[in-house]
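**Q** Quick one: this structure, given as C-alpha cells, is what I'll be asking you about.
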Amino acid sequence: MSLVHLDGREFEPSLPATAINIEDFEGAENLLVDMTVEPAVVQGMQVILMGKVLLKREEGAHDVSRD
308 MSLVHLDGRE FEPSLPATAI NIEDFEGAEN LLVDMTVEPA VVQGMQVILM GKVLLKREEG
368 AHDVSRD
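Read left to right, the sequence shown gives residues 308 to 374 (the numbering used here).
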C-alpha cells in the first residue's frame, strides 16, 4: 500500500480524492490541488481510501463562473 499526495495536480473526477472546498469553485475550470489534507491510500491500481484535498484556481485561469 502507498499514500498518495496530490499537491499541484490538476483536479479531475478521476483523482482518488474528494475536494472539501469544491463549492467555492462551482462552474470553474482549471482547478489545481492546493494541498492534500488526507492522502489517498492505494494498493496497486486499487483505491483503498479516498483522500481529501483543498483546491485553488490555476494562476492565469479565467473564471467563467463570474461572467
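Note that CB positions come from ideal geometry on N, CA and C, so glycine has one too.
When DSSP labels each residue in this structure, what does M357 get in the three-state scheme?
**A** In the sequence shown, residue 357 corresponds to position 50, counting from 1. DSSP places M357 in coil when its eight states are reduced to three.
**Q** Express the C-alpha separation of N337 and L310 in angstroms, rounding to a whole number.
**A** Numbered from 1 along the sequence shown, position 3 holds the residue referred to as residue 310. Numbered from 1 along the sequence shown, position 30 holds the residue referred to as residue 337. Going from the Cα of L310 to the Cα of N337 covers about 25 Å.
**Q** Assuming M342 is part of the beta strand (DSSP E), what are its boundary residues?
**A** Within the sequence shown, numbered from 1, the residue matching residue 342 stands at position 35. Segment 338 to 345, the beta strand (DSSP E) holding M342.
**Q** With A326 as the anchor, note down where its beta strand (DSSP E) starts and where it stops.
**A** As a first step, residue 326 is located in the sequence shown; it is residue number 19 there, counting from the start. Counting along the chain, the beta strand (DSSP E) containing A326 begins and ends at 324 to 326.
**Q** Looking only at C-alpha atoms, which of A335, G334, A347 sits nearest to S321?
**A** The residue labelled residue 321 in the question sits at position 14 within the sequence shown. Nearest option by C-alpha distance: A347.
**Q** Using three-state DSSP, classify E330 as helix, strand or coil.
**A** The count along the sequence shown starts at 1 and reaches residue 330 at position 23. Here E330 sits in helix by DSSP.
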